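Residues in the sequence shown are numbered consecutively from 1186, following the numbering used here.
C-beta atoms are modelled at their ideal positions from N, C-alpha and C, and glycine is treated no differently.
Source: prediction; values computed, not measured.
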Amino acid sequence: MGGDGLTVLEAKRVIITGAGQGLGRAYAVAAALAGAAVVVGDIDAEAAEQTVEAIRASGGRAVAVTGSVAEWAVAQQLTARCVDEYGGVDGLVANAAIMRNADPWDDTEEDLRAVAEVNVLGVQFTARHAMRAMVESGRGGSVVTVVSGARDGIAGMSAYGASKGAVAAMTANWALAGRAHGIRVNAISPLGLTRMSQADHRSDRPPMPDPSRVAPLVTALLSDSSAPLTGAVLRFDGTALGTYGSSLRTVATSSTGWRAEDLAAALVEEAAQ
Ligand SMILES: NC(=O)c1ccc[n+]([C@@H]2O[C@H](COP(=O)([O-])OP(=O)(O)OC[C@H]3O[C@@H](n4cnc5c(N)ncnc54)[C@H](O)[C@@H]3O)[C@@H](O)[C@H]2O)c1
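Given below as structure tokens:
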């Protein structure tokens, strides 16, 4: 990892879900090269093993855990394996997710359930177990969640975008809860040329970098070097690093109470802004 420093994650034990391919694989390879011992989680056993082999081939430490993050027992196993194999959990990258393309009125019950189970419950399940281990160890840790520009609206991605909105809310709440325990929680909104992004057929799709260009941000967030950042939602495309704010802007005030028609007039004025 040219320029990343080979020891920035020395002695760190990290779990990365969805690390069999795409961005997750790049995060796992980069974390291992930076010195971390990595639990490679993926529903695809063969892909997970390939990532483990690639890490070991370059002298790194990794083991695979196969199964869906949407299963409580698998989420539990990711943490248990990290503790058994490496003695604790210092980091989690809750990266595994699925995307379904449809207009909201064409979503099927099956797809809505699948997206919510993997992208919402799967993140909650894996983080729940990992954060519990971090609390019990008294050492804290770093949790990286993954959101998407779709939470602000991308045509055909409403179920997926909603799930990423939920992840942003988890990030804010976990960052708050984790402060007293030294647990940092930050979200990234990445861009990378992967199987998932190739299924995005928008004509205005932004250019997609190789996932290896995005991985240094995850390494940085897992590292103590980025403390005390917590609760941030970062955008990174391998070139520009950005951060999302969450400010509330006052549109109008009334000290005497509002009538519906006056509120409507204020809203029309706001819409014209
Ligand atoms: N690629 C992009 O440009 C982009 C943009 C914004 C956000 N993201 C987010 O980045 C993350 C990685 O995306 P990607 O593009 O690498 O996707 P990908 O589809 O290429 O890879 C996802 C990996 O997760 C695994 N996975 C899927 N369901 C799983 C489950 N239930 N349990 C465990 N593993 C499972 C897959 O087997 C695969 O290895 C996702 O959270 C995605 O929403 C990606």
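Looking at the DSSP output, L1419 shares a beta bridge with I1373 and T1428. Between the beta-carbon of Q1206 and that of A1232 there is about 5 Å, and that keeps the pair under the 8 Å contact cut. Here L1419 is buried, its C-beta having at least 16 other C-beta atoms within 10 Å. About 7 Å separates the CB atoms of H1366 and M1319; that is less than 8 Å, so the two are in contact. Rounded to whole angstroms, the Cβ separation of L1277 and A1312 is 6 Å, and the two are in contact under 8 Å. Leaving aside the five residues that flank R1380 on each side, the residues in its chain whose CB is nearer than 8 Å to its CB run, in chain order, Q1206 and G1207. Its Cα nearest to that of I1368, the residue N1358 stands out among N1358, D1292, K1349 and T1236. Annotated as distal: A1204 and N1304, with beta-carbon spacing of 8 Å or more. Contact check for G1226 and I1200: beta-carbon distance about 6 Å, within the 8 Å limit, so the pair qualifies. For S1374, the number of other beta carbons within 10 angstroms of its own is at least 16, and it is reported as buried. Between the region 1408-1425 and the region 1388-1398 there are three or more C-beta pairs closer than 8 Å, enough to call the two in contact.
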